[in-house]
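As structure tokens, the structure follows; a few thoughts come after it.
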Amino acid sequence: MTQETLPQASLAVAILAAGKGTRMNSDLPKAMHILAGKPLFRHVLDTALALQPARIVAVIGPDMDMLARQAHPHDVVVQKEPLGTGHAASTAMNALAGFSGDILILYGDTPLITSESLARLLSRRRENDAAIAVMGMRPNDPARYGRLITDSKGNLLKITEYADASDNERAISFCNSGIMAADARLLPDLLSTLSPRNNKGEYYLTDCVELARKAGHACIAVEGDVSELSGINTRSELATAESLLQNRLRQAAMTAGVTMPSPETVFLCADTRFGRDIVIGPHVVFGPSAIVGDNVEILSFSHIEGTTIEKGARIGPFARLRPGSMVGENAHVGNFVELKNTTLAPGAKANHLTYLGDCTVGSKTNIGAGTITCNYDGYLKHKTIIGAGAFIGSDVALVAPVTVGDGAIIGAGSVITHDIPADAIAIARSRQEILAGRAPGFRAVKAEEKQRKLAKSRAEG
Ligand code: UD1
Ligand code: CA
Numbered sequence: 001m002t003q004e005t006l007p008q009a010s011l012a013v014a015i016l017a018a019g020k021g022t023r024m025n026s027d028l029p030k031a032m033h034i035l036a037g038k039p040l041f042r043h044v045l046d047t048a049l050a051l052q053p054a055r056i057v058a059v060i061g062p063d064m065d066m067l068a069r070q071a072h073p074h075d076v077v078v079q080k081e082p083l084g085t086g087h088a089a090s091t092a093m094n095a096l097a098g099f100s101g102d103i104l105i106l107y108g109d110t111p112l113i114t115s116e117s118l119a120r121l122l123s124r125r126r127e128n129d130a131a132i133a134v135m136g137m138r139p140n141d142p143a144r145y146g147r148l149i150t151d152s153k154g155n156l157l158k159i160t161e162y163a164d165a166s167d168n169e170r171a172i173s174f175c176n177s178g179i180m181a182a183d184a185r186l187l188p189d190l191l192s193t194l195s196p197r198n199n200k201g202e203y204y205l206t207d208c209v210e211l212a213r214k215a216g217h218a219c220i221a222v223e224g225d226v227s228e229l230s231g232i233n234t235r236s237e238l239a240t241a242e243s244l245l246q247n248r249l250r251q252a253a254m255t256a257g258v259t260m261p262s263p264e265t266v267f268l269c270a271d272t273r274f275g276r277d278i279v280i281g282p283h284v285v286f287g288p289s290a291i292v293g294d295n296v297e298i299l300s301f302s303h304i305e306g307t308t309i310e311k312g313a314r315i316g317p318f319a320r321l322r323p324g325s326m327v328g329e330n331a332h333v334g335n336f337v338e339l340k341n342t343t344l345a346p347g348a349k350a351n352h353l354t355y356l357g358d359c360t361v362g363s364k365t366n367i368g369a370g371t372i373t374c375n376y377d378g379y380l381k382h383k384t385i386i387g388a389g390a391f392i393g394s395d396v397a398l399v400a401p402v403t404v405g406d407g408a409i410i411g412a413g414s415v416i417t418h419d420i421p422a423d424a425i426a427i428a429r430s431r432q433e434i435l436a437g438r439a440p441g442f443r444a445v446k447a448e449e450k451q452r453k454l455a456k457s458r459a460e461g
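Given below as structure tokens:
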């Protein structure tokens with residue numbers, strides 16, 4: 001463990017997420033919007049947890065039960081009215097009374113920050129004995145971010161919000177990311193002296209910097225990368241953050257041993273787990289909770305979520321793996337095959353045009369093209385259990401609940417409604433009839449019928 005990843009016994013983290021997120025135009029709290037398969041709030045919380053802080057407090061708004069559940073088992077305080085970031089932070093202080101050490105303030109809408117950068121911010125605050133250390137950035141378009149006003153020695157003098165900034169201040173490119181580390185002995189007092197005398201009529205957390213300076217304390221700005229510090233206020237900014245995070249996740253996957261000939265077309269989730277020597281073709285999309293073992297190959301246009309794929313398996317192209325599924329070692333799932341809550345044991349194959357739902361398939365069993373488990377009767381879902389070494393012919397419908405024994409064979413086109421014992425052959429379709437020599441007669445009748453129709457339509461003009 002490096003100095004910066006040691007558990008921080010004297011660290012408390014406050015996550016501000018009570019804002020209404022008006023610019024998202026949404027019924028969902030902003031921090032519940034999804035980035036790489038995970039709510040914004042959860043990204044921030046997981047990053048905070050990596051620092052192993054002594055305390056975490058989430059500030060949420062009224063009627064944000066979804067956020068409270070995400071924050072569990074950490075402290076949650078409700079900011080009754082969104083009176084500004086300063087007001088939100090002071091609401092958090094109620095839960096941190098008597099705490100000494102560092103207080104790290106994170107925003108629910110700034111989810112890309114890494115724990116390494118936060119550790120750097122905390123160390124820099126302590127080294128400089130600063131009351132407040134703010135994470136700053138230089139975005140290409142500083143837009144509506146607050147501006148960091150520094151002196152020639154790099155001390156942070158104050159933060160001016162865009163709405164209150166003069167033209168000269170707006171011309172400054174050094175911007176406030178919102179993230180700050182503060183001395184817990186000073187922050188509560190600073191927050192309690194904030195006033196809402198500004199153009200927005202809000203209590204600005206950012207005003208704490210000027211107040212601290214006036215009280216004789218130092219403040220600093222630590223520059224970070226825009227790719228970690230972009231804030232999300234609109235759906236367009238959400239999309240920008242998604243693309244930044246996707247790039248980061250793709251790079252991490254490649255570093256860990258995944259080959260992607262076209263990484264920009266592969267979409268990952270924050271929790272996608274990879275082994276080594278995996279190949280992922282273009283246009284593969286991962287939803288939450290996918291685990292991919294060593295030497296797996298996933299071909300183009302596959303969609304995978306809630307599934308564990310064991311080593312050596314081959315998936316796709318055009319496969320859909322849905323939650324609750326497991327693909328065993330060296331098993332194959334081919335094109336236009338959908339698995340839902342289904343386990344394929346090692347070496348099993350379902351290669352073409354198949355739906356397996358609520359099903360288990362034994363090892364080395366072959367599922368023929370067009371096999372469908374009829375798992376839903378309109379009211380309830382039922383299970384299909386298929387043993388090892390079985391052979392399911394093409395276009396078989398397995399009407400669940402039904403069990404197919406080890407080594408059983410099912411003839412193509414069968415509709416299976418009863419259990420099949422091990423090593424039995426089951427054929428469940430009408431028998432074929434042969435009408436010897438009857439084809440020429442059939443053709444003659446049809447040809448005459450066609451002639452008659454043509455003659456009639458000509459006569460009618
Ligand atoms: C804030 C900063 C700005 C900075 C920008 C970075 C202030 C006054 N401004 O502006 O300097 O450049 O972030 O992204 O701090 N929140 C609450 N309760 C409130 C208001 C906000 O919990 O009453 C939370 C929001 O849920 C959000 C965060 O605080 O997670 C930031 O609030 P937001 O209104 O988005 O601030 P910005 O205008 O972006
Ligand atoms: Ca914001």
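Our numbering puts the first residue of the sequence shown at 1, with every later residue one more than the last. The C-beta atom is built at its ideal place from N, Cα and C for all residues, glycine as well.
Using DSSP with H/G/I as helix, E/B as strand and the rest coil, what is residue i?
{"i": "Ala459", "result": "helix"}
{"i": "Gly84", "result": "coil"}
{"i": "Cys359", "result": "strand"}
{"i": "His332", "result": "strand"}
{"i": "Met1", "result": "Per-residue confidence for Met1 stands at a pLDDT of 44, beneath the threshold of 50, marking its modelled position as unreliable; the derived number appears in the next sentence. Reduced to three states, the DSSP call for Met1 is coil."}
{"i": "Met326", "result": "strand"}
{"i": "His283", "result": "coil"}
{"i": "Met254", "result": "helix"}
{"i": "Val396", "result": "coil"}
{"i": "Ala473", "result": "In the structure as shown, the chain starts at 1 and stops at 461, and residue 473 therefore has no counterpart that could be examined."}
{"i": "Met260", "result": "coil"}
{"i": "Phe41", "result": "helix"}
{"i": "Gly178", "result": "strand"}
{"i": "Arg314", "result": "strand"}
{"i": "Val296", "result": "coil"}
{"i": "Leu435", "result": "coil"}
{"i": "Thr365", "result": "coil"}
{"i": "Cys374", "result": "strand"}
Would you check whether ligand 2 has a heavy atom nearer than 7 Å to the C-beta of residue i?
{"i": "Asp109", "result": "yes"}
{"i": "Gly231", "result": "yes"}
Quick check on residue i: buried or exposed, where buried means 16 or more other Cβ atoms within 10 Å of its Cβ?
{"i": "Met1", "result": "For Met1, the predicted structure reports a pLDDT of 44, less than 50, and the residue's modelled location is therefore unreliable. A value from the coordinates is still provided. Exposed, by the Cβ-count rule."}
{"i": "Asn247", "result": "exposed"}
{"i": "Gln3", "result": "For Gln3, the pLDDT reaches just 49, beneath the cut-off of 50, and the residue's location in the model is therefore unreliable, although a value from the coordinates is still provided. With fewer than 16 Cβ atoms within 10 Å of its Cβ, Gln3 is classed as exposed."}
{"i": "Arg431", "result": "exposed"}
{"i": "Leu104", "result": "buried"}
{"i": "Ile427", "result": "exposed"}
{"i": "Pro53", "result": "buried"}
{"i": "Tyr203", "result": "buried"}
{"i": "Leu302", "result": "The question names Leu, yet the displayed sequence has Ser at residue 302. Label assigned to Ser302: buried."}
{"i": "Asn94", "result": "exposed"}
{"i": "Tyr376", "result": "exposed"}
{"i": "Pro39", "result": "buried"}
{"i": "Leu356", "result": "buried"}
{"i": "Gly216", "result": "exposed"}
{"i": "Asp129", "result": "exposed"}
{"i": "Gly368", "result": "buried"}
{"i": "Asn176", "result": "buried"}
{"i": "Ile232", "result": "buried"}
{"i": "Ser117", "result": "buried"}
{"i": "Phe41", "result": "buried"}
Relative to ligand 1, is the shortest distance from any of its heavy atoms to the C-beta of residue i smaller than 7 Å?
{"i": "Ser117", "result": "no"}
{"i": "Lys340", "result": "no"}
{"i": "Ser90", "result": "no"}
{"i": "Ser166", "result": "no"}
{"i": "Pro82", "result": "yes"}
{"i": "Ile149", "result": "no"}
{"i": "His33", "result": "no"}
{"i": "Gly178", "result": "yes"}
{"i": "His87", "result": "yes"}
{"i": "Lys153", "result": "no"}
{"i": "Ala212", "result": "no"}
{"i": "Val537", "result": "Limits of the chain in this structure are 1 at one end and 461 at the other, which puts residue 537 out of reach."}
{"i": "Ile56", "result": "no"}
{"i": "Pro383", "result": "Sequence inspection shows Lys at residue 383; the Pro mentioned does not correspond to that position. No, since every heavy atom of ligand 1 falls outside the 7 Å radius drawn around the Cβ of Lys383."}
{"i": "Ile113", "result": "no"}
{"i": "Gln79", "result": "yes"}
Pick out the complete beta strand (DSSP E) segments inside the stretch 123-174, 3 residues or longer, and give them in chain order. As far as the stretch 123-174 is concerned, its whole beta strand (DSSP E) runs of at least 3 residues are 132-137, 147-150, 156-160.
Counting only runs of 3+ residues fully inside the stretch 45-94, write out the beta strand (DSSP E) ranges in chain order. 53-60, 75-78
My parser needs the alpha helix (DSSP H) runs of 4 or more residues fully inside the stretch 224-252; what are they? Runs found: 226-229.
Let me know the beta strand (DSSP E) ranges lying completely inside the stretch 401-430, each 3 residues or longer, listed in chain order. 402-404
Mind pulling the beta strand (DSSP E) runs of 3 or more residues that sit fully within the stretch 5-33? Runs of the beta strand (DSSP E) inside the stretch 5-33: 8-17.
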